Structure formats: structure tokens, C-alpha cells
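Below is one structure; the comments refer to it alone.
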Amino acid sequence: MADRDPLARYNAKRDFTQTAEPAGKIARTGGNRFMVQKHDASRLHWDFRLEVDGVLKSWAVTRGPSLDPDEKRLAVRTEDHPLSYADFEGTIPKGQYGGGTVMLWDDGVWEPVEGKSAKDLEKGHLHFRLEGERMKGEWLLIRLKPRGKEKSENWLLRKIDDAEAGATDFLVETALTSIKTGRTMQEIAEGKKAKILPGTGRGTSEAGGGGAPRASRSRKAPSTAQARSPSPSRGGSKKSKPPAFTAPQLATLVDSVPPGNQWLHEVKYDGYRALIATGAKGPKIYTRSGLDWTDKFPGIAEAAKTLPAPALIDGEIIATKDGKPDFSTLQEAIANGGEGLSFFAFDLLADREDTTRLPQLARKERLRVLLEGADTRIQFSEHIVGAGEKLFEEMCRAGYEGVVSKRADAPYRSARTKAWLKIKCIRRQEFVIIGWTPSSAKGRGFRSLLLALNGPDGLVYAGKVGTGFNQATLHDLRERFDKIGAKDAPAKVPRPEARGAQWLKPQLVAEVAFAEFTAENVVRHASFLGLREDKKPKDVVVEKPAPLPETPPVPQSSVKISSRDRVIYPEAGLTKGQLADYYAAVAPAALRWLANRPISLVRCPQGRARHCFFQKHDAGSFGAHVHHVDVREKDGSIEPYLYVDSLDGMMACVQMGTIEFHGWGSLVADIEKPDRLVFDLDPDEGLDFAMVKKAAEDLKGHLADIGLTSWPLLSGGKGVHVVVPLVPQAEWPAVRSFAERFARALSTAEPERFTANLKKATRKGKIFIDYLRNQRGATAVLPYVARARENAPVAAPITWSELRDLESAKRFTIRDAATLLERAAGRALQGWGEGGQTLPDL
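In full-length UniProt numbering, the protein residues as written are 1 to 842.
Next up, the structure:
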């Protein structure tokens with residue numbers, strides 16, 4: 001591939017009178033761009049390209065980049081491309097080389113790791129870093145030795161195990177839209193207009209987590225008219241009043257990152273906590289204590305006018321230095337009029353209605369959608385689910401303050417809670433300034449500040465800080481000190497430290513970084529970061545990290561299970577006690593999907609082979625651990641529907657003979673707005689499971705074509721459920737209409753394979769696409785729920801890659817509790833069932 005003209009092969013393969021691809025010209029910019037194009041040609045692949053010596057070195061990655069370090073993806077070397085190709089997106093005509101649809105799937109910069117260079121490609125390997133929209137961290141390219149008469153040059157692309165590593169097919173299955181135009185592959189093929197302006201970097205939101213290659217191109221694409229979600233008004237609505245200030249939720253300082261997939265983790269920003277309220281008469285910006293600081297942040301206030309109204313958004317205002325949040329830079333920016341700042345939004349308290357009762361993850365998904373199209377000064381605070389320890393290590397290594405860990409299933413509470421935890425890389429907190437010591441040099445400077453903290457009996461001396469000041473800070477502080485001088489010390493200060501000190505009224509709060517508290521409870525190696533005008537002196541106390549509570553391997557329930565030896569699966573000899581133990585073991589994973597959702601129970605008091613029945617209403621017999629939500633029925637009556645929110649609730653149901661839990665597609669916090677779609681693929685008797693797998697893959701592909709990420713769930717019965725997470729925004733009629741039209745369009749396109757007709761007579765030799773799960777009051781079996789079927793199978797989340805190799809929907813049983821729990825916390829299922837997506841607007 002060492003052509004004298006590196007673009008000769010590129011130009012020879014193309015007829016530029018027929019294709020819109022750019023003609024090949026070398027452009028030695030000295031840059032280090034990389035990009036990836038998703039290319040649906042003779043088969044789907046991802047073209048990975050690195051800028052080297054004025055051209056794009058290119059590889060076709062057949063199954064797309066994988067975030068799993070154990071997954072090596074074949075990357076076939078192709079001809080060099082011109083740099084101008086990096087912005088190409090569109091359709092290459094059929095009959096032309098590479099004919100098909102091309103999406104700009106990723107874009108960014110690359111660099112070799114220390115001690116390596118682009119010349120290593122000639123040696124057959126390259127170790128490099130990427131900083132793209134989607135691909136990040138360290139990667140490796142390795143050339144394979146040629147075998148036999150192979151003409152192609154085969155390489156392997158592999159992710160290095162770092163903080164950016166993740167699930168096997170996370171990227172290819174969740175990144176469904178162009179970073180350039182926000183379009184899906186189908187929209188590009190149809191020539192639809194861009195959804196975003198080139199260069200804004202804002203596309204449609206994407207869901208989270210794993211899967212497999214797209215289904216065959218030979219499938220017939222259904223044509224459906226999609227349900228449209230109402231568009232919220234932007235910040236200037238005259239009719240909408242801004243939500244009232246709500247005290248923010250605060251995090252508890254702990255000494256380590258909590259493990260498990262029930263936690264999501266965010267960067268801890270080094271800035272000012274703020275809430276933005278949008279509505280009539282423009283947005284307002286509140287401090288954590290409720291002060292209106294809109295005037296202090298004119299740039300953020302202006303940007304907030306692009307947000308929907310009414311809404312109340314929680315976040316942090318920051319300024320950056322060397323690409324990272326920096327508190328001192330923030331102080332300077334505020335002093336200079338508040339320009340050059342950004343607001344990182346991490347929670348949503350209201351969006352035309354109160355959202356605080358929704359789970360944390362649901363609020364963030366809704367927030368992501370709300371921020372689409374907002375001014376770039378307002379950013380969505382990204383997060384990862386699980387693997388928080390690695391994020392913490394990476395953030396500390398990069399010089400960030402730390403991370404904040406949040407329970408994925410918790411509501412928003414206006415208090416300091418253990419549902420939010422903060423873990424700091426270095427110790428830092430607020431102190432009250434009680435005095436200062438003069439400098440020996442001439443001028444209006446000082447040597448150090450004297451600090452204190454509030455104790456049970458008043459202010460307690462906490463040491464000195466003598467570094468971290470620049471000249472402007474020194475002058476600013478002295479001017480403030482001149483106005484608040486005091487005759488006596490506000491706290492008892494040791495005599496050596498008090499000698500020559502000038503005392504102050506305790507009115508100023510300083511943010512200070514330090515190594516540790518000494519045995520005398522004073523700070524060691526302290527550095528001044530800035531004043532905290534958003535904190536009240538009376539609230540400043542010592543922050544001591546609490547140890548992270550240990551999670552017992554098997555959660556304990558206060559509900560006693562009687563008749564533990566009763567056999568409820570006679571063919572397998574499994575007992576009621578074993579079923580209870582299974583549910584206790586998997587509760588940390590199961591409750592994420594089961595908790596706070598109206599449910600129907602399959603109760604089999606004498607075992608699965610005897611009389612079983614459904615129960616959905618609360619008859620008052622389950623005890624205090626099982627709750628109900630009042631639901632208005634079609635006839636106007638109010639019925640109490642069951643729900644649980646804890647292991648005790650699950651155990652109370654099992655004690656009453658429950659085997660299965662089936663859930664609504666919405667949460668009790670907002671039962672009218674579903675947070676998921678479920679397509680139940682129910683095969684006719686005698687159909688091979690391979691047909692079900694192929695149907696699920698094809699359904700996933702059709703959903704991806706219209707921008708929806710989906711996940712496979714083994715039903716524990718005959719079929720597979722295709723689960724589509726949604727932001728709870730559209731109401732039941734729109735969601736049901738979408739599901740029905742999608743299912744009927746698919747059955748019309750391929751009537752020999754599918755039916756959307758409920759009648760048994762129409763299902764002969766076909767797969768029934770059960771869309772009826774997606775209507776108000778309908779239920780579907782939930783992840784990790786045992787089934788009342790032979791040998792105690794379990795409904796289990798899997799990845800699309802795993803589905804290809806399975807022979808049955810009954811792969812897991814209640815005997816596999818340890819395996820299922822390990823999988824739930826592992827890399828493979830990272831992000832399973834999550835998403836920030838709404839019904840497509842087509």
C-alpha cells in the first residue's frame with residue numbers, strides 16, 4: 001500500500017461524475033483528526049480513519065468498534081482517503097464503488113501514547129488515544145500475519161482497559177444517529193434534512209448499552225407514520241410561571257466509591273451549585289440557599305432562554321482552566337461580569353410538572369431530551385452506570401475534584417442524603433475566615449488567613465492558609481477586611497498563631513484545599529481556592545468522610561417465609577424457600593425494574609402445577625410492605641393497584657404464594673407516561689427458537705433505523721421481549737398507537753413471518769408481535785422474575801451478541817442467582833435497558 005501517490009487507488013476506484021464523494025487531494029495540515037463513518041454498502045461496517053501525513057489511513061471494521069477490552073474486532077485495511085472525506089455524509093449511488101449510505105458516526109482527535117508514533121503503523125501496530133464524540137481513551141491496532149492467498153491486509157482493533165472501557169456492543173447498538181446532522185441511516189438514505197446545524201455538535205439523544213451487529217440488509221423495512229410527542233415551549237413563554245425555588249439535594253461525603261449497577265456516577269464539578277428556573281419574564285438562577293443570582297451570571301441567563309418552560313434544573317456553574325473546571329478561574333470570571341461560564345445540568349426537578357418523584361435515572365433521561373437544542377453554554381452532565389471506581393481513578397489522575405455517585409432508583413429529596421455520595425480526590429471544604437496576619441513586605445497584602453469551623457459551642461480554630469492568592473485576590477480580600485474588622489478574636493486561637501493577627505467579624509467563607517487535618521484538628525498543606533459567597537458562615541462545619549456501608553452478599557428481609565419446604569416446582573423439586581432465597585439474592589438487580597411500578601402478581605399458593613391466578617388490586621392482605629396506587633379506570637371508578645419498593649415488599653408477595661411479577665410500562669410517580677415499550681415475540685407452536693432470534697434481531701434493526709435503541713430480554717418462556725426504554729414524556733394513547741402501527745407495518749411487510757393479529761387462527765407458522773403490552777393497564781414480565789413454568793426459568797436481560805448463541809429463552813433458572821447478580825454488575829450488561837430517547841418524529 002506504499003503508492004507514490006497515496007490517493008491514486010482512491011481516485012481510480014471512483015467516478016466523480018456519479019458520486020458526491022470528494023476527489024482525492026493530499027492536504028498536509030499537520031493535524032491529528034480521526035473520524036468514523038458508518039457505511040451500509042454490500043454489508044454494514046464502520047470505516048475507521050486516522051489523519052496521517054496529509055491523508056486518512058483507513059480500516060473497515062466489520063462489526064464496529066467495541067468498548068470491551070476482551071473483544072478484538074477485525075479491521076480490514078482499505079485505501080487511503082483524502083482529508084476532505086472526513087466530512088462526507090450521504091448516499092453513494094448503486095453501482096459505484098462502496099454504493100450505499102454513509103453516516104458521519106464519530107469525529108475527534110487522536111494521538112499516539114507516550115513513546116509511540118504514527119510510524120509504528122509501518123511496523124504493524126499502533127497504540128493511541130482518541131478523544132471523539134463516542135470513541136475515547138486508549139486503543140490498539142495490530143496487523144495480522146497474512147494467511148494463504150489473502151489479498152486484504154487484516155488488522156485487529158481493540159480497546160485498552162481504562163475508564164472509557166465498557167460493554168461489548170455499547171457503541172454500535174446505542175449510537176444510532178449522525179453526529180453531524182442528527183439523522184438515522186434511514187433518514188440519510190431518504191435524503192431528509194439535517195436535524196441539527198453542522199458544527200453545533202448537537203444530535204438526537206441516545207440510549208445506553210450493549211448489542212450485536214445490525215440484522216441483514218435483505219429485510220423489508222416497514223413504513224410507519226410515527227406518533228409525535230408535543231414540543232415544549234422554549235424559555236420565553238408568557239403563559240408559564242417559573243417553578244418556585246426548591247432546596248437542592250446534597251451529597252454525603254464518603255471515603256470510597258459504591259460498587260454495583262444500582263449507582264450512576266458523575267464528575268464532581270468545581271464550581272457554584274445553582275438551579276435554573278425557566279418561565280414567564282425570563283429565567284432565574286438561584287443559589288443553593290435560594291438567593292437570586294441571575295444578574296451575576298448574565299451569560300448563563302441568556303443561554304437559559306433557549307430552554308423549555310416551565311422547568312427547574314439543578315446543576316453547577318463552572319469556569320475551565322486547561323480544559324478542567326477551576327474554582328479560582330470561576331471567581332475571576334464572576335468578578336469580570338460572569339462571562340465565559342458554563343452550566344452543567346445534572347438533575348431535573350420540574351418539566352411542566354413535578355418530576356422529583358421519578359427515579360434518578362429517569363430524571364436524567366428526561367433532562368437529556370429537554371436540553372436538546374439548548375445554547376452550548378448549557379451542557380448535559382454525562383454519567384456512567386456502574387464501574388465508578390475506574391471513573392474515580394481516572395478523574396483523580398486527570399486532576400479533577402472527584403466524583404458524585406447517585407442511586408439510580410432514588411427520588412429527589414431536598415436534604416443531605418445517602419442516595420447521593422461524594423468522593424473527593426483531595427480534601428477540600430469551606431472555612432470561616434476569622435482573621436489575617438500582616439505581610440512583612442510593603443503594600444496591602446497579608447501573609448495568611450486564619451480559619452475556623454462551627455462546633456457545638458461556637459467557632460473553633462482550624463488553622464491557617466497562606467498560599468493560593470494572586471495579586472488581584474490579595475487586594476480584593478484586603479478591601480473586604482477593612483469593612484469587617486473586629487476587636488477580639490471570634491474563636492480561641494493558640495497564642496503563637498494569634499501573635500500579630502488582625503481579627504475579622506465571621507462573615508466570609510473560603511474554599512480551601514488541604515492534605516489532612518492534624519492531630520490538633522488544624523489543616524495541613526492548605527491552599528486558598530476562593531470565596532464562597534453562596535455559603536453562609538453558620539452552615540460551615542467539618543466534613544468527615546464516612547466509611548461506605550458494606551453491602552451484605554445476600555440482602556436480609558424482615559418478612560418471615562413460612563412453609564419453606566413446600567415444593568412449588570414438582571418436576572425440579574424446588575421449594576418455596578428456594579424461590580424466596582432466589583428473590584432475596586437478586587433483589588439489588590430486580591428492584592431496579594420492579595420497584596415503584598404498578599404490578600400484577602401470578603400467585604400459585606400450592607405450587608405452579610396447581611391453581612394459579614393473577615392479582616393486580618390490593619385487597620389489604622399483604623401487610624405494610626406492599627403498597628398501592630389509586631388508578632382511575634375507564635368507568636370512572638378508582639382501584640388500588642399493587643406496587644412494591646423494597647425487598648420486604650417482594651418477600652411479602654412471595655410469602656403469599658407469588659411466583660411471577662408483571663409490571664406496567666410506567667412508574668407510580670407518573671402512571672400516564674410510559675418509560676418503555678415492550679414487543680413480545682410469541683412464536684407459534686413448533687417454531688424453532690432460531691426463528692425467534694432472527695425476528696428479534698430484525699425488529700431491533702428496524703427500530704434502530706428510526707433511531708430507537710432496544711434490548712433483548714429472555715422471557716423464560718418461548719419467546720424474546722424486545723425492550724425499548726423511553727423518557728416518560730408521551731402518554732399512553734400515543735405510545736400504544738406507535739407500537740400498533742409499527743407491529744402492523746412489519747407484519748404487512750413480511751406476512752409470511754409475522755402477524756400482529758391477536759387471533760390464534762392467524763398465527764399458524766408465524767411469530768405474533770404482541771404490541772398490546774404497550775397500553776394503559778397492560779403488563780409484561782420484568783427482568784429477573786421467576787416464571788411459573790417447568791424447571792423454574794427466569795426472565796433474564798442479555799445482550800444482542802449473546803442472543804445469537806442461545807438455544808432457548810429458558811437459559812437461566814432460579815438456581816442461577818449468583819450468576820445473574822454477577823452479570824447485572826458486570827461489563828456485559830452495563831447500561832442495559834437505559835436510554836434517553838423519545839418516540840421518533842417522522
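We put the CB at the ideal spot given by N, CA and C, even for glycine. Since the model is a prediction, treat every value here as computed from it, not as a measurement.
Would residue i be called buried (16 or more neighbouring beta carbons within 10 Å of its own) or exposed?
i, result
"Lys673", "buried"
"Gly485", "exposed"
"Gln360", "buried"
"Ala818", "exposed"
"Thr467", "exposed"
"Asp314", "buried"
"His611", "exposed"
"Lys159", "buried"
"Asp15", "exposed"
"Gly30", "exposed"
"Asn336", "exposed"
Looking at the unbroken alpha helix (DSSP H) that takes in residue i, where does it start and where does it end?
i, result
"Gln262", "That residue, Gln262, is in no alpha helix (DSSP H); it is neither H nor E in DSSP."
"Ile378", "First-last for Ile378: Ile378 to Phe380, but that is the beta strand (DSSP E), not the alpha helix (DSSP H)."
"Tyr582", "Lys576 to Leu594"
"Glu393", "Gly388 to Arg397"
"Gly435", "Not the alpha helix (DSSP H): Gly435 falls in the beta strand (DSSP E), residues Arg427 to Pro438."
"Glu51", "No alpha helix (DSSP H) holds Glu51; the beta strand (DSSP E) holding it covers Leu44 to Val52."
"Leu171", "Phe170 to Thr174"
"Arg736", "Trp732 to Ala749"
"Val369", "Gln360 to Leu370"
"Ile300", "Pro298 to Ala304"
Considering only their Cβ atoms, is the gap separating residue j from residue i smaller than 7 Å?
i, j, result
"Val720", "Ser710", "no"
"Phe48", "Gly108", "no"
"Pro248", "Ala277", "no"
"residue 843", "Leu647", "Residue 843 lies beyond the range of the chain shown here (1 to 842); nothing can be said about it."
"Gly649", "Val626", "yes"
"Gln830", "Gly137", "no"
"Glu131", "Asn32", "no"
"Leu67", "Ala27", "no"
"Ala695", "Ile767", "yes"
"Ile317", "Phe343", "yes"
"Trp436", "Gln507", "no"
"Ala590", "Phe622", "no"
"Ala809", "Tyr771", "no"
"Leu529", "Phe392", "no"
"Gly657", "Pro605", "yes"
Since residue i and residue j are thought to touch, with beta carbons under 8 Å apart, how far apart are those beta carbons, to the nearest angstrom?
i, j, result
"Ala734", "Leu839", "7 Å"
"Val56", "Tyr85", "Contrary to the premise, residue 56 reads as Leu rather than Val in this sequence. Correct: roughly 6 Å between the Cβ atoms."
"Lys700", "Val727", "Between Val727 and Lys700 the Cβ distance is about 20 Å, and since that is not below 8 Å, they are no contact."
"Leu821", "Ala585", "6 Å"
"His45", "Ala23", "That pair is no contact at about 23 Å."
"Lys38", "Trp105", "4 Å"
"Arg608", "Ile671", "Not quite, the Cβ-Cβ distance comes to about 30 Å (not below 8 Å), so this is no contact."
To the nearest angstrom, report how far apart residue i and residue j are at their CA atoms.
i, j, result
"Met240", "Asp351", "Residue 240 is actually Ser in this sequence, not Met. Looking at the two C-alpha atoms, the distance is approximately 11 Å."
"Leu253", "Ala515", "16 Å"
"Ser178", "Gly835", "17 Å"
"Ala788", "Val602", "8 Å"
"Gly388", "Pro146", "41 Å"
"Pro712", "Pro283", "42 Å"
"Trp293", "Thr287", "7 Å"
"Gly100", "Val36", "16 Å"
"Gly577", "Ser562", "8 Å"
"Arg632", "Trp664", "15 Å"
"Leu141", "Ile92", "28 Å"
"Arg811", "Pro797", "11 Å"
Could you tell me the boundaries of the beta strand (DSSP E) in which residue i lies?
i, result
"Trp711", "Trp711 to Leu714"
"Leu642", "Ile638 to Tyr643"
"Asp107", "Gly100 to Pro112"
"Leu708", "Run containing Leu708: none; DSSP gives neither H nor E here."
"Pro537", "First-last for Pro537: undefined, no H or E at that position."
"Glu79", "Arg73 to Pro82"
"Leu601", "Ile599 to Arg603"
"Val55", "Val55 to Val61"
"Lys38", "Arg33 to Asp40"
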